[in-house]
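This report concerns only the one structure given below.
Numbering (full-length UniProt numbering), first residue to last: 1 to 337.
Spelled out as structure tokens, the structure:
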């Protein structure tokens with residue numbers, strides 16, 4: 001499924017020639033200011049004012065740009081390199097980049113929006129040919145000027161905020177809807193929901209899908225069964241313990257990502273509970289878990305492939321409007337029965 005908004009107008013990246021014209025000085029004067037060489041203070045002020053107005057940035061690898069050649073590098077920003085999900089994305093992106101004769105530079109935001117912003121700005125200052133971004137922040141408008149000046153950017157797993165750009169996403173709402181419906185079809189009516197930060201778009205979509213499933217089955221929402229802002233498996237385990245201690249505990253659980261599923265599994269196993277469990281995201285060794293569970297699975301390699309190929313289409317000159325591509329999910333039975 002693809003959605004296509006209007007593409008922003010592409011403008012030429014300002015050069016030192018543009019700065020010289022705006023400041024009414026020679027190109028040599030601009031070069032001296034940019035390279036911190038001695039120049040009169042009045043001229044420095046005019047050049048810096050022109051630089052700020054035009055949004056000019058010094059290119060630390062300017063030789064390639066002056067010859068109008070690509071740098072044969074693309075940047076990939078992920079959230080956590082140790083997570084198998086992101087490691088798979090990096091591996092596929094590197095394979096495709098190599099096939100295009102391009103080096104992939106990978107960095108990790110560690111789920112920190114400020115770190116994300118700094119790393120993306122560093123990528124643009126290095127003049128990479130394009131960006132692949134798994135976003136952590138909720139505002140990517142700071143990239144708008146780079147996109148308008150022709151920097152190809154493709155987001156994956158989560159959509160951009162405050163910016164029109166290509167995105168390759170999962171069917172988060174549909175996957176969670178199917179997972180909770182599976183629990184309801186088994187007769188469960190008290191379903192505990194374990195979620196991450198509600199500010200994250202994927203979490204909002206997965207919660208919306210779960211609530212829609214409950215609503216379609218005529219199950220009244222019970223906020224006492226919802227736990228949000230869970231990050232580590234240990235937090236999910238404590239949430240499951242608290243829910244199981246309720247006078248009317250849930251008979252089933254839906255976990256919005258694999259880390260929460262692992263924590264829930266540990267606590268259910270510790271308690272000897274037979275509560276049913278569905279988790280979004282498959283995970284390594286899920287088929288060897290000592291109890292049955294269901295996972296909302298998808299093809300991580302396909303997610304990375306579609307996004308990376310899209311980026312190279314943009315680098316090659318595709319200037320069609322930005323589009324959002326949504327990849328399907330499916331339910332898989334896991335664990336030992």
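For each residue, glycine too, the CB sits at the ideal point set by N, CA and C.
- Taking the CA atoms as reference points, residue 26 sits about 16 angstroms from residue 56.
- Residue state for residue 126 is assigned as coil, using DSSP reduced to three classes.
- According to the DSSP secondary-structure assignment, residue 166 is paired through a beta bridge with 154.
- Exclusion of the five residues before and after residue 289 leaves 265, 334, 335, 336 as the residues of its chain whose Cβ lies within less than 7 angstroms of its Cβ.
- Three or more Cβ pairs drawn from the region 237–252 and the region 261–279 lie within less than 8 angstroms of each other, which places the two stretches in contact.
- Pairing residue 204 with residue 160, the inter-Cα distance amounts to about 14 angstroms.
- Under the DSSP definition of a beta bridge, residue 181 lacks any partner.
- Distance from the CA of residue 46 to the CA of residue 23, rounded to the nearest whole angstrom, comes to 5 angstroms.
- Shown here, residue 289 sits in coil according to DSSP, grouped into three states, outside any helix or strand.
- The region 118–135 makes contact with the region 70–86: 3 or more CB pairs, one atom from each, lie closer than 8 angstroms.
- Here residue 54 is not near residue 33, since their CB atoms are 8 angstroms or more apart.
- Taking 8 angstroms as the cut-off, the Cβ atoms of residue 250 and residue 190 count as close.
- In terms of CA proximity to residue 296, 174 leads the group 174, 184, 318.
- In the three-state scheme derived from DSSP, where H, G and I count as helix and E and B as strand, residue 209 is classed as helix.
- The DSSP-derived three-state label of residue 56 is coil.
- Note on geometry: alpha-carbon atoms of residue 307 and residue 281 lie some 19 angstroms from one another.
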